[in-house]
Structures are given as C-alpha cells and as structure tokens.
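Working notes for the structure below.
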Amino acid sequence: MVDTEDRAELQLAHGRLVRGPGYAAAPRPTRQLLARVGAMLKLRERARYYVHAAGVVAPDGRAWLLTGESGCGKSTLTYALARGGWPVLGDDGVVLERGPRGVTVHGWREPLRVSIELEAWFPELSQQESRVDWQDDRHRVDVNAAFAKRATIGGVVVLERGERDALSPLPPTAALAMLVRQSTFLLLTDDHARSHLALLRHLIECVPCFRLVHTSAQLNAVHATILSVAT
Amino acid sequence: MTRYRIVPDALSASLSDGAVLLHLYTKRYFSLNETGSRIWSLLEQQATDDEIVDALVREFDVEKPEATRAVNQLLGDLVAEQLIEPISG
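In order, the protein sequence lines correspond to chains A and B. Just so you know, the first sequence maps onto residues 2 to 232 in the working numbering. Just so you know, the second sequence maps onto residues 7 to 95 in the working numbering.
This is the structure we're talking about:
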C-alpha cells in the first residue's frame, strides 16, 4: 500500500505488515490510514472481510448491518440505536466471517462520530460543542457508545434518506449489489475475491434484507422499526 | 451459432431472484434478473446462443423471436462489458 501524497509505503508480506520507504517519516494520520488498510488486508488473508457498513446488536443478540451510499444516515441511526442500548459493532465498517451458524459480524472499533447539528434530537450533544471538529464538513463530534465484539448476523438494512418513512423487503440481488458496492477490497485481483463474493452471497441468503427510506422521525423510532421485522 | 467463454476476471453470485456479476479489472458490477441469471448459468455450461434461446423457450413463457432478441441483447451487453468473449472456430 502506498500513500501517494506523502510517499509512504506499508507492505503486507507473508501475513505481516512491514514498514516500507517513507513510512516512518510520514505524518501520523497517514501512518494510521495505511495501518488501517493494512489491517483490513491482513484480515482478508484469514477469510475475514471488511465491509463498509454499520453494525449494531439487537436485544436478541443478533447483528444488523446498516448500509447504503455515503450520507445515507448510517452513523446517525447507529448512534440512535446505541442510545437505546443496542451495542455497536462499528458505525462505518465491520468485518464478516463465515461461521458454523451463519455469518459472524466482528466489530471494527473506531470512535463513533455524529453531527453536532443533531443536538435537537440528542440533547447530550450540547455538552460536546467544545469538542466539535469544525474542519469536518458535517461538524461531527466523538460520542460514547457501548461496543460489542461480535454477533451472528440477523438482517441487513439498506438506508436511504427520503421524505416519508418506509421499510420494505429488499430483493436479494439488490441487497447483494449494495454490499458488493460497499466492499472495495472485493475488487483486488487476488485469490480472495471469489471467497469474498461467496461470503456476501451466503450472508444475503441467510437473513432478511430491507430497504429503509427514512426521515428524522427514525431517530426516535429506528429500534421499533427494526424490531418489527426481526424474526 | 456461437459459443462463448466467460473471462477469468468475471465473478458471479447467483441468488433466488437473479445474479450479481463483477469484473475485477474494469471494476464494474451488474445485476441480472431471473432470466439473465439463467442465461449466465447456461453460459457457464458453455451453451451456444441457439441452445440458450431453446432453453428459454422451454423454461419460460416466451416465444422464440422474443427470446432470440433478449438473448442477443444480453450477450451483446456482456461482450461489450468484457465479461464474455466468443470462442472462434
């Protein structure tokens, strides 16, 4: 992996991450980014696949993936669920692994961040104004949440912002297409691509998939919305 | 009568309502409906275009001219997207 801007390199060789030219001298954020991608690739060699989706654990112990295009509300609804006591597996990415009882969703723990502009719905954010990242387009702030390490998959929800709230079944092919779109490493041309795609297909075959078109009303209702279709 | 080969860089995943195809080098992905998915599975079995049309007429409620048009359209799209290529000879 090469960061072309800072000319820093991190290599994955025989299952180990090795610092390459420019890595030690690169700025910390660059090293962190390379290390993050390196960890994802290392997991891939162990048949654990990173997917760009949020993950939460419902009261029955099952994991729900929330996915969709950038800005679809993954982080916001993840935090809404976390406030209601649903442990978080990740708000921007999780790791999938095929297991004996379906697909296991492993947590990818990174700070949960939501926009300070949501304080009308999440009043506790008003105490965080001094910690807002104003350089960030969405003016986000790190928030606290309980994290889970792993859970067996229970369902998939593809999120879309809209003018009316509506939850509807999503055809399997449409759900798989969305997960493929959110799985960048699937496109690496190595021996893992086929097993990665096979895992995503297996996941879709295992669990129900839905499309949730949502408004801000879901900030208070998303728990009940998901529970209404959880089997 | 033409036979086609699925290129090695094409990945596919079939589901109950269709299939998703992915080309590893062009980085493009495609969704197929149930009929398209059946055509893809016949391509995997190295069926010719004529054999694919015959199979669709047998298996779906479709007349031969319509099936021929649909098969030619999809095969043309798949060739254009470099997911399959005609086998010469």
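Even glycine gets a Cβ: it sits at the ideal position worked out from N, Cα and C. Given the structure is predicted, the values throughout are model-derived calculations rather than measurements.
{"Item": "To which residues of the same chain is ALA147/A closer than 6 Å at the C-beta, ignoring the five residues directly before and after it?", "Value": "PRO88"}
{"Item": "Taking 8 Å as the threshold (beta carbon to beta carbon), is VAL13/B in contact with chain A?", "Value": "no"}
{"Item": "Residues of the stretch 62-88 of chain B with a CB closer than 7 Å to any CB of chain A: list them in chain order, please.", "Value": "none"}
{"Item": "Under 8 Å between the Cβ atoms of ARG151/A and HIS107/A?", "Value": "yes"}
{"Item": "Compare the beta carbon distance of LEU80/B and GLY42/B with 8 Å and say whether it is the shorter of the two.", "Value": "yes"}
{"Item": "On the DSSP bridge assignment, give the partners of LEU66/A in chain order.", "Value": "GLY56/A and VAL157/A"}
{"Item": "Under 9 Å between beta-carbons, which chain A residues line up against LEU28/B? List them in chain order, please.", "Value": "VAL181, LEU187, LEU188, ALA194 and LEU198"}
{"Item": "Let me check understanding here. Comparing Cα to Cα, which of LEU30/B, VAL26/B and TYR31/B lies closest to ILE45/B?", "Value": "VAL26/B"}
{"Item": "Closer than 7 Å: is that where the CB of LEU11/A sits relative to any heavy atom of the ligand SAH?", "Value": "Summarising the ligand content, the structure contains no ligands, and the ligand SAH is consequently not present."}
{"Item": "Give every residue of the same chain whose Cβ lies closer than 8 Å to the Cβ of ALA194/A, excluding the five residues on either side of it in the sequence, and list them in chain order.", "Value": "LEU187 and LEU188"}
{"Item": "To which residues of the same chain is GLY39/A closer than 8 Å at the C-beta, ignoring the five residues directly before and after it?", "Value": "MET2, LEU11, LEU13 and LEU18"}
{"Item": "Return the residues of the stretch 202-225 of chain A that lie within a Cβ-Cβ distance of less than 8 Å from chain B, sorted by chain order.", "Value": "ARG202, ILE205 and GLU206"}
{"Item": "What residues of chain B sit near LEU66/A, judged by a beta carbon separation below 7 Å?", "Value": "In chain order: nothing, as chain B lies at least about 17 Å away."}
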